[in-house]
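Engineer: Every position in the sequence shown, counted from 1, becomes a number in my numbering once 25 is added.
Cβ coordinates follow ideal geometry from the N, Cα and C atoms, glycine included.
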Amino acid sequence: MSTELNIARKVIHDKIESQINSVQAKLDTLKAKAQGAKADAELKAIAALIPQKHAIDQKLSALKQSGETAYQQAKTDVESRVAELEKSVQAIEAKFKTAQAAR
Numbered sequence: 026m027s028t029e030l031n032i033a034r035k036v037i038h039d040k041i042e043s044q045i046n047s048v049q050a051k052l053d054t055l056k057a058k059a060q061g062a063k064a065d066a067e068l069k070a071i072a073a074l075i076p077q078k079h080a081i082d083q084k085l086s087a088l089k090q091s092g093e094t095a096y097q098q099a100k101t102d103v104e105s106r107v108a109e110l111e112k113s114v115q116a117i118e119a120k121f122k123t124a125q126a127a128r
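Rendered as structure tokens:
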């Protein structure tokens with residue numbers, strides 16, 4: 026594998042990892058707020074996302090190890106899962122804000 030290809034993969038990996046870390050930080054913040062507000066529905070929704078996040082971590086690790094032929098497929102899969110997780114977190118944030126405004 027060429028040096029340019031290795032660098033390109035590293036950049037992609039770092040970008041995806043940064044997105045995952047951002048989502049994890051949002052989840053942690055939401056969890057703390059939900060615990061403080063005793064928002065059980067939001068806590069359950071957050072807990073349901075934990076396995077999804079772990080699966081993404083595993084897929085990202087597999088992406089690093091994937092060969093030329095499987096790389097694009099694995100990359101697309103990881104990016105799709107991260108986008109789905111981000112949407113789920115945004116939905117929980119919106120629900121939480123709505124619930125807080127109603128209280």
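Taking the beta carbon of glutamate 67 as the centre, do at least 16 other beta carbons fall within 10 Å, making it buried, or is it exposed?
Structural biologist: By the neighbour-count rule (16 or more Cβ atoms within 10 Å), glutamate 67 is buried.
Engineer: Taking buried to mean at least 16 other C-beta atoms within 10 Å of its own C-beta, is lysine 84 buried or exposed?
Structural biologist: Classification for lysine 84: buried.
Engineer: Cβ of alanine 80 within 9 Å of Cβ of alanine 99?
Structural biologist: For alanine 80 and alanine 99, no; Cβs fall outside 9 Å.
Engineer: How about serine 113 and glutamine 60: are their beta carbons less than 9 Å apart?
Structural biologist: No, the pair does not count as a contact, with Cβ atoms beyond the cut-off.
Engineer: How would you call isoleucine 71, buried or exposed, if buried means at least 16 neighbouring beta carbons within 10 angstroms?
Structural biologist: Classification for isoleucine 71: buried.
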